[in-house]
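This is how it looks when you write it as structure tokens:
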């Protein structure tokens, strides 16, 4: 799964990553070094005119038919294997796809003889370049209240990451941005884009268990754990 990510990117970095129109707002999104579900994140999607745009939405998809927005806290991920079938996601999968720019994400590896311990890791590209996670967005409205939310699609973990966790975010390569965002792209093509785990290469960085607390949202959270504390 993907339940924690780092998004510390300027508007200019996002503009460059997605070749956004010059008319896009030049407002830097709030940095999230230790970002969690129910928080707001920047994403790239198509606007009503079909142009790429940057928006800020809440993590945790609330289906348009939901009676209570609290359901979103349980809809933070959608499995690539079933995303086009699940009632909560199938409508968004057809026409409301987006990209989540991220510096990386966190996973916890079970440790100790019984697997009772957990060591957090920060996973990012070795190059330091930002990643683009495949995601879906949805609109919800009831009683005058309006909310836009998203969920991140996950796949089986790549060979390099499976020792940490058995799932990872579906990463979209730049060559596939157009097809992923286009509402007219056939489902077969979409499933090909998200069907193969992204191999990186990744930096697998052990970090402090301070990441366990969402309130610890500073650059220090990304610092590598001293080797002597690992053993």
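Residue numbers (my numbering): 115 to 345.
C-beta atoms are modelled at their ideal positions from N, C-alpha and C, and glycine is treated no differently.
Everything numeric in this text was worked out from a predicted model, so none of it was measured.
8 Å contact criterion, which residue i and residue j should meet: CB distance rounded
i	j	result
residue 268	residue 281	5 Å
residue 252	residue 175	5 Å
residue 61	residue 319	With the chain represented from 115 up to 345, any question about residue 61 goes unanswered, as that position is not in the structure.
residue 274	residue 309	Contact doesn't hold; Cβ gap of about 18 Å is too wide.
residue 250	residue 192	6 Å
residue 331	residue 146	7 Å
Range covered by the alpha helix (DSSP H) that runs through residue i
i	result
residue 120	Note, residue 120: premise wrong, no alpha helix (DSSP H); beta strand (DSSP E) at 119–121.
residue 128	125–132
Where residue i falls, given that 16 or more other Cβ within 10 Å makes a residue buried
i	result
residue 126	exposed
residue 148	buried
residue 260	exposed
residue 189	buried
residue 334	exposed
residue 116	buried
residue 301	exposed
residue 276	exposed
residue 151	buried
residue 336	buried
residue 170	exposed
residue 224	exposed
residue 234	buried
residue 179	exposed
residue 306	exposed
N-terminal and C-terminal residue of the beta strand (DSSP E) that residue i is part of
i	result
residue 347	Residue coverage of the chain in this structure runs from 115 to 345, which leaves residue 347 outside it and unanswerable.
residue 149	146–149
residue 217	Element bounds for residue 217: n/a, residue is neither H nor E.
residue 156	154–160
residue 115	Looking at the DSSP string, residue 115 is not in any beta strand (DSSP E), and its letter there is neither H nor E.
residue 173	166–173
residue 193	191–193
residue 317	316–320
3 or more residues per run - each beta strand (DSSP E) lying fully within the region 230–302: 231–239, 245–256, 259–270, 281–283
Meets three-Cβ-pair contact criterion under 8 Å: the region 224–241 and the region 205–214: no
Stretch-stretch touch, CB-based, cutoff 8 Å, three pairs: the region 309–326 with the region 289–297: no
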